[in-house]
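Report on the structure given below.
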């Protein structure tokens with residue numbers, strides 16, 4: 001007789017049909033007991049479907065049972081059965097949830113970092129490298145940068161919008177507010193915003209960057225914010241100013257004799273022709289050691305504490321050798337000097353030689369003719385590195401470059417960069433360096449030119465001192481040219 005021929009006894013748990021509430025443990029036990037009495041005995045072929053033994057866990061027995069009796073129960077049982085399944089699932093998953101709760105912080109490693117480390121990471125997110133700012137300003141043709149810190153989409157204000165914890169860390173990180181940029185062609189900060197910003201920096205040294213290359217009307221809009229910034233000039237550690245003319249620097253007269261902590265000064269004056277104005281706002285700065293100055297013409301009345309500088313970079317289109325000679329004569333403590341000019345006005349007057357006893361690195365970016373006029377007036381006994389850039393194809397041996405190098409006692413590295421083809425006597429010049437007993441400590445010679453095949457032959461004929469030779473192509477997209485770098489490792493004493 002089939003199962004369907006057996007009458008089904010009235011269940012003792014009919015209340016499950018009328019109730020949608022989840023059954024408790026006693027209800028589940030009653031279902032198991034009622035099922036054992038209701039379902040027929042299975043044959044040996046269905047042994048794999050027999051209920052587990054009595055010592056099996058309640059959850060396993062319930063899972064097997066509910067899967068087998070669903071076809072025999074009334075449709076009204078389906079909702080309670082679904083609830084029972086949900087209960088069993090929650091009970092079986094509870095131990096895993098309780099075990100995983102303490103490990104939740106491991107899923108977000110940054111949340112486990114101490115606040116001091118997060119604050120330092122936030123500080124590193126700021127574009128506060130003054131060299132990068134200066135280079136970027138030069139590359140974009142002295143136009144304004146596209147953003148400044150007083151924008152909600154940039155650090156540090158951006159960090160205050162991520163979460164409550166990040167906002168708290170950002171607001172109380174002093175160094176995060178010590179770097180700021182004011183652009184004249186963007187909406188300037190109000191004086192109250194400037195005061196709030198500087199109050200968050202507290203006692204940290206300040207690093208202001210002023211981009212005042214906009215129109216006169218645009219520049220006038222930022223003066224209230226600049227005036228507020230000037231009140232804190234006694235905390236400036238670095239200062240970057242890009243202005244349309246020297247006249248804008250008159251706004252900084254009030255900082256004179258108040259720059260007690262200033263160490264690095266960068267000034268860019270790409271426009272204007274009135275360079276005879278007196279510039280003395282930065283004349284007194286006891287800690288100033290590094291100055292980068294760019295202007296169309298080198299101002300003859302530029303006053304800086306030249307004698308205490310160790311790093312000096314003077315760049316522009318034109319420079320009068322008389323003014324340059326006067327500046328270098330006072331800058332006797334320089335260890336790093338960079339001169340870059342398109343044209344050098346050479347006077348007829350004889351100028352005496354300047355001794356730069358502490359100079360170690362010298363970068364000179366002028367044509368060969370101007371380079372000769374400068375080198376024959378300098379004496380650098382402790383020079384170690386010389387870099388000559390923007391050279392033309394004028395003969396090298398006719399210039400005082402070799403005699404200038406032979407006056408040094410510790411020279412080790414020479415780098416020469418040509419704008420076009422190399423001069424015909426470049427090979428002779430390098431061989432003269434390798435054969436000079438006074439230049440026995442030279443360790444590296446680098447030549448950057450469009451192309452040159454004879455340096456391989458030079459390497460083959462001068463192996464007594466050349467211990468390494470390397471050739472690589474250096475792409476320069478800005479100049480739309482590819483130049484070859486030849487690097488000669490020389491055996492020095």
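Residue numbers (the UniProt record's numbering): 1 to 493. Where a beta carbon is used, it is the ideal one built from N, C-alpha and C, also for glycine.
query: Does any residue of chain B have a CB that is nearer than 9 Å to the CB of residue 253?; result: Of the protein chains in this structure there is only one, and it is not chain B.
query: Just to confirm, is the Cβ distance from residue 484 to residue 449 under 9 Å?; result: yes
query: What do you reckon, are the CB atoms on residue 488 and residue 444 nearer than 9 Å?; result: yes
query: Are residue 310 and residue 358 closer than 9 Å when you measure CB to CB?; result: yes
query: If we count the other Cβ atoms within 10 Å of its Cβ and call it buried at 16 or more, is residue 235 buried or exposed?; result: buried
query: The beta strand (DSSP E) spanning residue 446 covers which residue range?; result: 444-449
query: With three or more C-beta pairs closer than 8 Å as the rule, is the segment 192-207 touching the segment 244-260?; result: no
query: Which one or two residues does DSSP pair with residue 294 in a beta bridge?; result: 268, 315
query: Considering just the uninterrupted stretch of the alpha helix (DSSP H) at residue 325, what are its terminal residues?; result: 321-330
query: Using three-state DSSP, classify residue 371 as helix, strand or coil.; result: helix
query: Ignore the nearest five residues each way along the sequence and tell me which others in residue 382's own chain have a CB closer than 8 Å to its CB.; result: 357, 358, 359, 360, 408, 409, 410
query: Closest to residue 341 by C-alpha separation, out of 427, 330, 313, 430, would be which residue?; result: 313
query: My assumption, with CB atoms under 8 Å, is that residue 396 sits in contact with residue 429. Please give the rounded CB distance.; result: 4 Å
query: How would you call residue 297, buried or exposed, if buried means at least 16 neighbouring beta carbons within 10 angstroms?; result: buried
query: Ordered along the chain, which non-local residues of its own chain (more than five positions away) have a Cβ less than 6 Å from that of residue 353?; result: 377, 379
query: Assuming the contact rule is C-beta atoms closer than 8 Å, residue 417 and residue 389 should be a hit. Round their C-beta distance to whole Å, please.; result: 4 Å
query: Could you tell me how far apart the beta carbons of residue 243 and residue 212 are, in whole angstroms, since I believe they sit closer than 8 Å?; result: 5 Å
query: From residue 171 to residue 364, what distance separates their C-alpha atoms?; result: 45 Å
query: Cα-Cα, which of 332, 318, 406 is closest to residue 370?; result: 318
query: Rounded to whole angstroms, what is the Cα-Cα separation between residue 284 and residue 258?; result: 8 Å
query: If residue 123 and residue 175 are in contact, beta carbons under 8 Å, what's the gap, nearest whole angstrom?; result: 5 Å
query: Report the start-end ranges of each beta strand (DSSP E) in the segment 180-230 that is 3 residues or longer and not cut off at the edges.; result: 207-212
query: Residue 115 bridges to which residues according to DSSP?; result: None; residue 115 has no bridge partner.
query: Looking only at C-alpha atoms, which of 261, 219, 470, 227 sits nearest to residue 206?; result: 261
query: DSSP has residue 236 in a bridge; who is on the other side?; result: 206
query: Can you give me the C-alpha to C-alpha distance between residue 398 and residue 391, rounded to a whole angstrom?; result: 14 Å
query: Beta-carbon separation of residue 219 and residue 248 under 9 Å?; result: yes
query: Pull the bridge partners of residue 487 from the DSSP assignment, please.; result: 446, 470
query: Measure the C-alpha to C-alpha separation of residue 227 and residue 325 and round it to an integer number of angstroms.; result: 36 Å
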